[in-house]
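Encoded as structure tokens, the structure appears first; notes follow it.
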Amino acid sequence: MSANSGTSAGADAANPGATTNHQGERPTMLKVTGLQKIYNGGANAVEAVRDLTFDLGEGKLVCLVGPSGCGKTTLLKCIAGLMPPTSGTVELAGQSVTAPPPGMAVVFQEYGRSLFAWMSVRANVELPLKEKKIPRGRRRELVDESLEAVGLTSFAHAYPWQLSGGMQQRVAIARAIAYEPQVLLMDEPFAAVDAQTRADLEDLIRQIWQRMGVTVLFVTHDIDEAVYLGERVLVLSSSPTVVQDDITVDLPTERDQLTTRQDERFTELRARVYAEIQQAKKSAGAAPTAAPSVAH
Amino acid sequence: MTETTTQGTARERPEAPAGAGGRPRGAARTGPNKPLLGAVGIVAFLGMWEAVPHLGLVSERFLPPASTVLAALAQRATTPGLWIAVGDTLIGWGLGLAIAFVAAVLLGFAMGALPRVRAFTNSTVDFLRPIPSVALIPLAILLYGTDLRSTLLLVVYACFWLIYIQVLYGVADVDPVAEQTARSYGLGRLARIRYVVWPTTLPYLMTGVRLAAAVALILAITAQLIIGSPGIGQEIAVAQSSGAVSSVYALIVATGALGVLINIGVRVLERRVLRWHTSVRGEATA
Numbered sequence: 381m382s383a384n385s386g387t388s389a390g391a392d393a394a395n396p397g398a399t400t401n402h403q404g405e406r407p408t409m410l411k412v413t414g415l416q417k418i419y420n421g422g423a424n425a426v427e428a429v430r431d432l433t434f435d436l437g438e439g440k441l442v443c444l445v446g447p448s449g450c451g452k453t454t455l456l457k458c459i460a461g462l463m464p465p466t467s468g469t470v471e472l473a474g475q476s477v478t479a480p481p482p483g484m485a486v487v488f489q490e491y492g493r494s495l496f497a498w499m500s501v502r503a504n505v506e507l508p509l510k511e512k513k514i515p516r517g518r519r520r521e522l523v524d525e526s527l528e529a530v531g532l533t534s535f536a537h538a539y540p541w542q543l544s545g546g547m548q549q550r551v552a553i554a555r556a557i558a559y560e561p562q563v564l565l566m567d568e569p570f571a572a573v574d575a576q577t578r579a580d581l582e583d584l585i586r587q588i589w590q591r592m593g594v595t596v597l598f599v600t601h602d603i604d605e606a607v608y609l610g611e612r613v614l615v616l617s618s619s620p621t622v623v624q625d626d627i628t629v630d631l632p633t634e635r636d637q638l639t640t641r642q643d644e645r646f647t648e649l650r651a652r653v654y655a656e657i658q659q660a661k662k663s664a665g666a667a668p669t670a671a672p673s674v675a676h
Numbered sequence: 037m038t039e040t041t042t043q044g045t046a047r048e049r050p051e052a053p054a055g056a057g058g059r060p061r062g063a064a065r066t067g068p069n070k071p072l073l074g075a076v077g078i079v080a081f082l083g084m085w086e087a088v089p090h091l092g093l094v095s096e097r098f099l100p101p102a103s104t105v106l107a108a109l110a111q112r113a114t115t116p117g118l119w120i121a122v123g124d125t126l127i128g129w130g131l132g133l134a135i136a137f138v139a140a141v142l143l144g145f146a147m148g149a150l151p152r153v154r155a156f157t158n159s160t161v162d163f164l165r166p167i168p169s170v171a172l173i174p175l176a177i178l179l180y181g182t183d184l185r186s187t188l189l190l191v192v193y194a195c196f197w198l199i200y201i202q203v204l205y206g207v208a209d210v211d212p213v214a215e216q217t218a219r220s221y222g223l224g225r226l227a228r229i230r231y232v233v234w235p236t237t238l239p240y241l242m243t244g245v246r247l248a249a250a251v252a253l254i255l256a257i258t259a260q261l262i263i264g265s266p267g268i269g270q271e272i273a274v275a276q277s278s279g280a281v282s283s284v285y286a287l288i289v290a291t292g293a294l295g296v297l298i299n300i301g302v303r304v305l306e307r308r309v310l311r312w313h314t315s316v317r318g319e320a321t322a
């Protein structure tokens, strides 16, 4: 699978100076063009997403932040092929996405509902692989590896509900990486866990991303998290949503909860994203009419 | 589809799946010895039963003392007649329950997949469901006489609705996040039914089966008693018409025992099948 060949690529992908031009250096993995989603309610149709255009280079880790209710989840569902957009296209590695593509895994915020309570941790991780018709031996390998990657080897036979919230979300992450996706979509995955667990999980994601070279689109409402995790932060406007800003995070590859967060540059970036979000909230009444403010 | 579902839910909520909140399991452990209390209760009840006819409060002709009835039961238990009757009753009960189960599950899952058909059949179901099974007795006699099939007709009719309604609610209760997860991981329609819809429905289904198991026994006995198809019910009718009062009571006790055993069996099954479900698993360990 291509995820393996990308292992080394993932490591140097975080090279700071190179991130300014994400188009040139490596092929586009995920391309969202003119995405619009209107929820049909007859007379009171709601335009959740107006016009979103952005792309992710292979092996990138990009965070998507926006004010609450800005249609982040809608966008993610459209990208994941779980919901058809009203107009616009999503392409994964050049292939148009109309149904959930095999090269994509989603980690949902609601781990308790996303994991199947009637299956052990191991069975949860293994089920998608079974459906992918991966031979038994390779399946076992993948499950073992991914459970080890999230540090849950000894809980393979437990049920998800016997684990803490953070551990359950790690199971969901293990399930996603065992699937060997080209793109990993994460929908506010740590919004429901406590702060300490959250820090651990953030580092886990960085670590997995560097090791596997997978492309990650991480949706969050947490500005600190977005800046800490991402190589790039896309700031969304209020609903109806457009991309309001595209910020390159030029922090060192090796991030640390303590030192990175104290870094002057981190504070600057954080302030910038914060200001953007405030602006987005203010202009919520006067909805933007034109195409996204940032061209690619 | 969601609309009809929520309406349906608001209109008449089925019994909570798997007796959620029905069994205070924690209290059983902290309180006094429950089995012991239960045994004392039974002994006290039998003592009263024994005393009432002896004291002349009720004539022995209508209520023989417990010792007489239990002796009659023990005597009957040594003859094959009782066991054949029990066997016949269990066949009517089990076969009827099984037919109702299979039909209700198949139809319920089909309706879950075809919300339009469900909306179309809703009113018919609401009309047919309240018809008491016993009202079908004349029909059963006309169609099948005193055959086993008469019993089956009544049992299947009563049990089918109980299970079917539960399955309808169950298949409509699939968590959207679980559903989306399954879809995003490429699970096809059949795989989603097997790994998501079926386990979601299971707690509802087990509730339906638990209720239906009790109702099936009632109707099996009723059919035998009234129609005269073979089984304990028929034995009771025969004993009654020949004036063997203590035998009548003995057989009634036997049906009660059968009911208790069936209930225990269903509970055990429920525990096993739903060991992952909130109603059974109790406190999470972490």
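Heads up: the protein sequence lines correspond to chains A and B, in order. Everything in the first sequence is counted per the working numbering, starting at 381 for the first residue and increasing by one. Everything in the second sequence is counted per the working numbering, starting at 37 for the first residue and increasing by one. Glycine included, every Cβ here is placed at the ideal spot set by N, Cα and C.
Residues bridged to residue i by DSSP?
| i | result |
| --- | --- |
| A/S467 | A/Q416 |
| A/S500 | Beta-bridge pairing links A/S500 to no other residue. |
| A/L432 | A/L415 |
| A/C443 | A/F598 and A/V613 |
| A/S476 | A/E471 |
| A/V486 | A/L565 |
| A/G437 | A/T408 |
Rounded to a whole number of angstroms, what is the C-alpha to C-alpha distance between residue i and residue j?
| i | j | result |
| --- | --- | --- |
| B/M37 | B/I229 | Note that B/M37 has pLDDT 37, beneath the 50 cutoff, so the model's placement of it is unreliable and no number is given. |
| A/S663 | A/P620 | 11 Å |
| A/T633 | A/W498 | 40 Å |
| A/P561 | A/V615 | 25 Å |
| B/F81 | B/P101 | 12 Å |
| B/S282 | B/I288 | 10 Å |
| B/G132 | A/S448 | 55 Å |
| A/H402 | A/W541 | Residue placement at A/H402 is poorly supported in this model, since its pLDDT is 46, which falls under 50; the coordinates are not used for a value here. |
| B/R185 | B/P266 | 11 Å |
| A/M566 | A/T453 | 10 Å |
| B/I272 | B/V94 | 21 Å |
| B/L99 | B/D183 | 32 Å |
| B/G117 | B/A259 | 19 Å |
| A/V551 | A/V501 | 7 Å |
| A/T640 | A/N424 | 46 Å |
| A/H601 | A/G421 | 27 Å |
| A/S617 | A/V653 | 12 Å |
| B/A176 | B/L189 | 7 Å |
| A/T466 | B/R303 | 50 Å |
| A/F326 | A/A473 | One cannot answer for residue 326 of chain A here, as it falls past the ends of chain A, which runs 381 to 676. |
| A/A571 | A/Y491 | 10 Å |
At 9 Å on the CB atoms, spell out the chain A contacts of residue i, in chain order.
| i | result |
| --- | --- |
| B/R307 | Those do not exist, as B/R307 stays about 14 Å from chain A at its closest Cβ, beyond 9 Å. |
| B/R230 | Correct list: empty, because the minimum Cβ distance to chain A is about 10 Å. |
| B/P235 | F496, A497, W498 and M499 |
| B/D211 | E490, R493 and S494 |
| B/R317 | A497, Y539, W541 and Q542 |
| B/A227 | L507, K510 and E511 |
Residues of chain B with CB closer than 9 Å to the CB of residue i, please, in chain order.
| i | result |
| --- | --- |
| A/K512 | Y221 and G222 |
| A/V486 | Q216, T217, S220 and Y221 |
| A/Y608 | Chain B residues near A/Y608: none, gap ~26 Å exceeds 9 Å. |
Quick one: what does DSSP say residue i is sitting in, helix, strand or coil?
| i | result |
| --- | --- |
| A/G422 | helix |
| B/I298 | helix |
| A/T628 | strand |
| A/E427 | strand |
| B/D124 | helix |
| B/E306 | helix |
| A/V530 | coil |
| B/P60 | At B/P60, the pLDDT of 45 sits below 50, so the modelled position is not reliable; the number obtained from the coordinates is stated separately. Coil at B/P60, not helix or strand. |
| A/T621 | strand |
| B/R165 | coil |
| B/C195 | helix |
Name, please, each residue of chain A whose Cβ falls closer than 8 Å to the Cβ of residue i.
| i | result |
| --- | --- |
| B/T243 | Simply none; closest approach about 16 Å. |
If you count every other CB in all the chains shown that lies within 10 Å of the CB of residue i, and 16 or more means buried, which is it?
| i | result |
| --- | --- |
| B/K70 | exposed |
| A/K513 | exposed |
| A/L410 | buried |
| B/L297 | exposed |
| A/A556 | buried |
| B/R225 | exposed |
Closer than 7 Å by beta-carbon distance: list the chain A residues that pair up with residue i, in chain order.
| i | result |
| --- | --- |
| B/A214 | R493, S494 and F496 |
| B/W312 | A497, W498 and Y539 |
Along chain B, which residues have their Cβ under 7 Å away from the Cβ of residue i?
| i | result |
| --- | --- |
| A/P482 | G222 |
| A/L462 | Q216, R219 and S220 |
| A/Y684 | Residue coverage of chain A in this structure runs from 381 to 676, which leaves residue 684 of chain A outside it and unanswerable. |
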